[in-house]
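A quick write-up on the structure given underneath.
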């Protein structure tokens, strides 16, 4: 199986690269990487789902807002992401629009949370590719 | 990068390219070596490129790579041409440190230590998600964001005297919660009175060395062996969201073109958006003050339950180390109002400053520099000299040198716990992984950081305290 994402060294924060054959796939894998800094997505069951609809003025802003959604749902709804489904990105006039479903579960006493992500930054951010996409993100932990 | 050594601990990146002022790095050869390994120096140089920056961009001895500003970066901007930058404050707005002193001694605490640790662990919420001490309605959260620690004291969490011994009296003005996004409010509503995770902690310490007895007595720290409690945390999801929201608003309104780093996005201090960020940042500052106020109360309750008394548990002070504030400083011999950004740096007002509580006015404000897990923490006193050297600022901690990933490969949480126990330090944490990530070896030598601060005169050494019990978020 192809590598979906990879964590890289960063002195104070956490840095990862996510890959995909489309920008959508790379975005999905970036979400998985972000969640796996806090819990193991493999251990979360897809019991509930949350609709995600966001816009951004460029792809970088769209990515920041998309990943931030994981943190928002955790802080406000105790939601743990398991996987991302039906993700689509469209260019609408000047903006980018993203829609997706987050599948996951609520925090319970059995949930093993091993880290926290405070925010998604633009630091060292990369979004590039045509056939194969590469995304690089540094998050504040 | 080429640096010019000015004196033993002062290095300069001379003004070049787009820099408006030079950059000054306070460091030793060994700490400078670790700064060279990442983007610390580049980021310090980038600060110097921002409009309206005064005198110099500064990096404190514990500086390390951040995003936008380095952590440990200090920059002051003039009101006319200057800017305010969310990336110059950081995501964890008013992350800070509160220190309580007690009239207990190590020998009194010994038999209670494990029970105390368990009681504090049970009472103080930590970790991620909703789980704060109370759930707030949107009306209540607006009150918290307007009144800060005062709100908590009014609700019975702590004492009136605590407020006098908090930077800014525990409340920054003007704060306008009506400018907060619904997202920021909902992230904050369930998290007040919680420690959070990552490098945040709650620690019982014992005084091991008093360097300056006159000053330490003014702070109420009088004896070796005296027990202190240190609280390190910030504004939780609410503060993180304020930073993210305003970075985005500035991108959309001002644009990112011409910035050396997108995280350096900023708005003119005179602009409506700059003002709005400042007032929203203040709401997060107040949320954090209230947060530490509530945790201090929970700590006192834990001591009351286990030892039968919380008498004498007075607050020494509470400092913020991620903030932007308007202060008066001397520029070319003239007093000027500036917007001072401290990102991972502590204010260090010296003796005589009117902003310091009266009890401390003769000796300077207390400054707290926590070490890493299991290592010493320090109490310093602010100095008048720091005014000229660093816009009244000094270091805020040890500063990381090793990535979390590398730490996970190098250490095991269980082993660290055992090692600490042999040193007499008990540890309670939510998970092992966080313990491994925060191993003391991943941080710079805090002893070296405070030595530089003291030698330069930007923060004077007063007390050294060692941990005896640690709670990690």
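Residue numbers (this note's numbering), protein chains in the order written: chain A, 153 to 293; chain B, 163 to 635. Quick reminder that beta carbons are idealized off the backbone N, C-alpha and C, glycines included.
- Under the 7 angstroms criterion on CB atoms, residue 348 of chain B is classed as interfacial with respect to chain A.
- DSSP places residue 496 of chain B in the uninterrupted beta strand (DSSP E) bounded by 496-505.
- When DSSP states are grouped into helix, strand and coil, residue 224 of chain A belongs to the helix group.
- Assignment of beta-bridge partners to residue 221 of chain B by DSSP yields B:187, B:235.
- Taking a 10 Å sphere around the C-beta of residue 234 of chain B, we find 16 or more other C-beta atoms and assign the residue as buried.
- Annotation note: the stretch 317-359 of chain B contains the following uninterrupted alpha helix (DSSP H) runs of length 4 or greater, listed N- to C-terminal: 322-326, 344-351.
- In the three-state scheme derived from DSSP, where H, G and I count as helix and E and B as strand, residue 523 of chain B is classed as coil.
- For residue 566 of chain B, the uninterrupted alpha helix (DSSP H) run begins and ends at 566-572, by DSSP.
- Against residue 227 of chain B, the close residues of chain A are 163, 164, in the order they occur along the chain (beta-carbon pairs closer than 7 angstroms).
- When CB distances to chain B are screened at a threshold of 8 angstroms, the residues of the stretch 251-273 of chain A falling below it are 259, 264, 265, 266, 267, 268, 270, 271, 272, 273, in chain order.
- Each residue's CA atom was taken as its position, placing residue 389 of chain B and residue 367 of chain B some 6 angstroms apart.
- By the Cβ neighbour-count rule, residue 426 of chain B is buried, with 16 or more other Cβ atoms within 10 Å of its own.
- Residue 277 of chain A places its beta carbon less than 7 angstroms from that of residue 289 of chain A.
- As computed with DSSP, residue 260 of chain B is found in a beta bridge with B:393, B:480.
- Only 289, 290, 291, 292, 293 from the stretch 277-299 of chain B bring a Cβ to less than 9 angstroms from some Cβ of chain A.
- DSSP places residue 250 of chain A in no alpha helix (DSSP H) but in the uninterrupted beta strand (DSSP E) bounded by 247-258.
- Between the C-alpha atoms of residue 156 of chain A and residue 190 of chain A there is a straight-line separation of about 17 angstroms.
- Under the Cβ distance rule, residue 283 of chain A does not count among the residues neighbouring chain B, no pair being separated by less than 7 angstroms.
- The alpha-carbon separation between residue 621 of chain B and residue 545 of chain B amounts to approximately 6 angstroms.
- Residue pairing by DSSP puts residue 204 of chain A in a beta bridge opposite A:252.
- Annotation: the continuous beta strand (DSSP E) that includes residue 289 of chain A extends over 285-292.
- Only buried fits residue 185 of chain A, as 16 or more other CB atoms lie within 10 angstroms of its CB.
- When C-alpha distances from residue 248 of chain B are compared across A:197, A:227, A:274, the shortest belongs to A:274.
- Here residue 348 of chain B is not near residue 290 of chain B, since their CB atoms are 7 angstroms or more apart.
- Residue 173 of chain B is bridged by DSSP to B:167, B:187.
- In terms of Cα proximity to residue 482 of chain B, the closest of B:376, B:371, B:556, B:381 is B:556.
- Within the stretch 211-229 of chain A, those residues whose Cβ lies closer than 8 angstroms to any Cβ of chain B are, in chain order, 212, 213, 216, 217, 220, 223, 224, 226, 227, 228, 229.
- Residue 626 of chain B: member of the beta strand (DSSP E) spanning 622-634, first to last residue.
- For residue 234 of chain A, the enclosing beta strand (DSSP E) begins and ends at 231-244.
- A direct Cα-Cα distance of roughly 18 angstroms separates residue 178 of chain A from residue 166 of chain A.
- At least one CB atom of chain B sits nearer than 7 angstroms to the CB of residue 292 of chain A.
- Note that the C-beta distance between residue 227 of chain B and residue 200 of chain B is below 7 angstroms.
- At the C-beta level, residue 219 of chain A and residue 272 of chain A come within 7 angstroms of one another.
- By the rule that beta-carbons nearer than 7 angstroms mark a contact, residue 275 of chain A touches chain B.
- Taking 7 angstroms as the CB threshold, residue 159 of chain A lines the interface with chain B.
- Nearest to residue 383 of chain B by alpha-carbon distance, out of B:296, B:434, B:263, is B:263.
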